[in-house]
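What follows is one structure encoded as structure tokens, with my remarks underneath.
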Amino acid sequence: MFDFVFDAAQFGEFLATGLRLSMPLIFAAMGGLLCERAGVFNIALEGQLLLGAFGAALGAHLTGMAGGGVAVALVFGAASGLGLALLGVTLRVNQIVVGIAVILFAIGFTSFMSRVAFEGGGNSLRLDGFRPIDIPILSDIPVIGPVLFAQDLLFYLMLAVVAAIQIVLFRTGLGLSIRAVGESPATADAAGVPVFTLRYGVIVAGSMIASLGGAYIVLSQVFLFSDNMSAGKGFIGLAAIVLGRWNPVLALLACLLFGLFDAFQLRLQFQSPDMPFQVFAALPYVISIMALVGLIGRAQPPAAVGRPYDREMR
């Protein structure tokens, strides 16, 4: 079962698979983490992954370029973020209810529109996507070379996004304002921080980042669109945020952990074809539940997350 660990080629392939499977989780977790740091609980990550996937397929199909797919995915992500902000921040609707509504809308909208926009509903598409780029010399390093230095542009964009969020949140005045709004919006408002404007901006930015996870699935993994292809990855992204204690780097490591377990269950399916595949497919979700149970009482979210702010109630 674990013999691949002692074979350099197989182990490198296992790590590469785990990294690819973790990529949508990382984008979703980064988007959700950014929103929660500003005090908005973005449970809609699953729907935003799905909207990003559909937007990527639509953009790549219409323009014939992977870059066009990313651009349209970002537009869909921004639109979902605006809706989330309008309902959750301005109208002060319960943020969990809003998030569930976005997910349900995304499932129905993408399922219907894929049949309108694509012949065969998207399953017959062969889209232009991103291909791995081998970095000379570095990609030849045993084991880790192909894993880290033979990836596509979205992988390197992911690294830039994680680094940018880490720096902005903990090294800039803007990050201090975001964290202040997430801990005590009334205090931040009294100090002159534009709470509503900041939350709108953070929600839209976080939603756009989450949509890149869906774009990665379409443009770097499968090169087509199918119904419900996000397959619960947004919810695992939410678990990674908690496991990472609302820190971008730790959330990244949590996503990598889930990705490796997902790769491991694929190997188990291959080695045990007589077993129902659903038993192995449930492994990443079981691990996420166990991780969250182990953190009960120890992981503390931003104090104001999920609580609508009303300036008149200060």
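Note that my numbering has the sequence shown beginning at 4, numbered continuously upward. Note that the Cβ used here is the ideal one computed from N, Cα and C, for glycine as well.
Buried or exposed (CB count within 10 angstroms, at least 16 for buried), residue i
{"i": "R202", "result": "buried"}
{"i": "L141", "result": "exposed"}
{"i": "I206", "result": "buried"}
{"i": "V252", "result": "exposed"}
{"i": "G55", "result": "buried"}
{"i": "P305", "result": "buried"}
{"i": "P2", "result": "It is not possible to answer for residue 2, since the shown part of the chain is limited to 4 through 317."}
{"i": "G67", "result": "exposed"}
{"i": "I99", "result": "exposed"}
{"i": "Y159", "result": "exposed"}
{"i": "V289", "result": "exposed"}
{"i": "I147", "result": "exposed"}
{"i": "V119", "result": "exposed"}
{"i": "I136", "result": "exposed"}
Continuous alpha helix (DSSP H) stretch holding residue i: start and end
{"i": "Y219", "result": "V198 to Y219"}
{"i": "P319", "result": "Outside the displayed span of the chain (4 to 317) sits residue 319, for which this structure offers no information."}
{"i": "A306", "result": "Premise fails: A306 is in no alpha helix (DSSP H) and is neither H nor E."}
{"i": "P188", "result": "P188 to A193"}
6 Å CB neighbourhood of residue i in its chain, flanking five on each side removed
{"i": "L286", "result": "F264 and Q268"}
{"i": "G50", "result": "V105, I106 and A109"}
{"i": "M211", "result": "L77, G80 and A81"}
{"i": "G178", "result": "V171 and L172"}
{"i": "F152", "result": "I138, L141 and S142"}
{"i": "G21", "result": "G262, L263 and A266"}
{"i": "L259", "result": "S25"}
Residues near residue i in its chain [Cβ-Cβ closer than 7 Å; skip 5 each side]
{"i": "A69", "result": "A63, D131, G132, F133 and L222"}
{"i": "N126", "result": "L227 and S229"}
{"i": "G35", "result": "N45, L48, G209, A213, G240, L241 and I244"}
{"i": "F238", "result": "E49"}
DSSP state of residue i mapped onto helix, strand, coil
{"i": "I140", "result": "coil"}
{"i": "G176", "result": "helix"}
{"i": "S233", "result": "coil"}
{"i": "A285", "result": "coil"}
{"i": "S127", "result": "coil"}
{"i": "P251", "result": "helix"}
{"i": "F261", "result": "helix"}
{"i": "L227", "result": "coil"}
{"i": "G21", "result": "helix"}
{"i": "F121", "result": "coil"}
{"i": "P311", "result": "coil"}
{"i": "R182", "result": "helix"}
Own chain residues within Cβ distance below 8 Å of residue i, not counting five before or after
{"i": "R129", "result": "F226 and L227"}
{"i": "V308", "result": "E39, G42, V43, F44 and G185"}
Distance cut-off 7 Å: residue i Cβ against heavy atoms of the ligand SAM
{"i": "F199", "result": "No copy of the ligand SAM occurs in the structure displayed, which carries no ligand at all."}
Enumerated in chain order, which unbroken segments of the alpha helix (DSSP H) with a length of 4 residues or greater are wholly contained in the stretch 143-171?
147-151
Uninterrupted alpha helix (DSSP H) stretches inside the stretch 37-112 (no shorter than 4 residues):
48-66 and 69-88
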